[in-house]
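For reference, the structure is listed below as structure tokens.
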Amino acid sequence: MPACTDASDPGGGIQWPLPQPWPAAHPPLRLGVMASGNGSNFEALVQACREGPLAAEVALLVVNNPGCGAERRAERLGVPCRHADHRLQPSREALDRQLIGLFREAAVDLVVMAGWMRIVTPVLIEAFPGRLVNIHPSLLPSFRGVDAVGQALAAGTTLAGCTAHLVAAEVDAGPILVQAAVPVLAGDDHASLTARIQAREHRILPLAVALAAERIAAAAPGPAAQG
Ligand code: GRF
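Sequential numbering from 6 applies to the sequence shown in the numbering used here.
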């Protein structure tokens, strides 16, 4: 589906391949979220579910850093939170198996990596085919990996942004769901550019979840649609 500009976005810059209004999921999607740090994207997802327009519920947050900002936000928001501490696991695969167990126990339909600062393995990706979404602070495929904002500043780009995409085995790669662009302004530093990008992340991540849900529904139509 070709991208178009989200007319409801006053700041512009979001390329949005979804028709208005957003498709409603029946019953509402159950989301799992993985976070390592501050958790602002996690909170944006919870708000999009509670205040609309995303027909979903954040059923479980999993953090790998106990006590991190995301966990504190979950407490405030009343969202269940579990720990999957990578320091207690012998391998990346073992951590991923723990994540799978937690998300299956919570019966989630789709998992969002919202600032998950660990590399995931095919163990997790294959457990949630087409159901694992990541948010990255660059216009992919530019500036993959760590410190994408610093990479963009060092490269002297005049346009930065963020990408929500389905997760593939390669780091920060996979089918793009939504992107948003922001300008790099004269005098920007790491903090100011990060803040401008993150404001956009909070808009596009719920959109990306709706798009991923639409793809899942299209791939597996319910009994009524099968005729
Ligand atoms: C975001 O910038 C996201 O793109 C990156 O990690 C950051 C997480 O921020 N993957 P927050 O914890 O959601 O505030």
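In this text, a Cβ means the ideal position worked out from N, Cα and C, and glycines have one as well. This structure is a prediction, so every number in the text was calculated from the model and none was measured.
Using only alpha-carbon positions, find the residue among the options that is nearest to residue i.
i, options, result
"Trp121", "Asn43, Ala225, Ala204, Ile221", "Asn43"
"Leu107", "Cys86, Arg81, Gly179", "Cys86"
"Leu190", "Leu198, Gln52, Glu62", "Leu198"
"Arg201", "Pro188, Ile209, Val138", "Pro188"
"Gly83", "Arg92, Leu104, Val51", "Val51"
"Ala49", "Glu219, Ala225, Ala223, Val214", "Val214"
"Val176", "Arg149, Gln156, His195, Gly155", "Arg149"
"Ala40", "Leu158, Leu104, Gly57", "Leu104"
"Ala225", "Pro134, Ala185, Asn139", "Pro134"
"Ala132", "Gly57, Arg109, Cys54, Arg208", "Arg109"
"Gln156", "His195, Val138, Gln94, Arg55", "His195"
"Val38", "Glu56, His88, Gly57", "His88"
Measure the CB-CB distance between residue i and residue j and report whether it falls below 9 Å.
i, j, result
"Val125", "Arg97", "yes"
"Thr168", "His141", "yes"
"Ala64", "Ala119", "no"
"Leu144", "Ala160", "no"
"Glu62", "Leu36", "yes"
"Ala79", "Phe47", "yes"
"Leu236", "His170", "The structure shown has nothing for residue 236, since the chain only spans 6 to 232."
"Ser45", "Gln203", "yes"
"Val138", "Leu210", "yes"
"Ala186", "Arg205", "yes"
For residue i, which residues from the same chain have a beta carbon less than 8 Å from its beta carbon, with the 5 sequence-adjacent residues on both sides left out?
i, result
"Arg136", "Asp114, Leu115, Val116, Ala217, Ile221"
"Ala173", "Ile130, Gly179, Pro180"
"Arg123", "Ser41, Asn69, His91, Arg97, Leu100"
Spatial neighbours of residue i within its chain, please: C-beta separation below 7 Å, excluding the five flanking residues on both sides.
i, result
"Asp90", "Asn69, Pro71"
"Ala53", "Leu59, Pro211"
Can you tell me whether residue i is buried or exposed? The criterion is at least 16 other CB atoms within 10 Å of its CB, across all chains shown.
i, result
"Pro127", "exposed"
"Pro146", "exposed"
"Asp101", "buried"
"Leu212", "buried"
"Ala223", "exposed"
"Arg81", "exposed"
Can you list, in chain order, the residues of its chain with a C-beta nearer than 6 Å to that of residue i? Leave out the 5 residues immediately preceding and following it.
i, result
"Ala153", "Pro142, Ser143"
"Cys73", "Gly42"
Any beta-carbon of chain D closer than 9 Å to the one on residue i?
i, result
"Thr199", "As a matter of chain content, chain D is missing from the structure shown, which is built from one protein chain."
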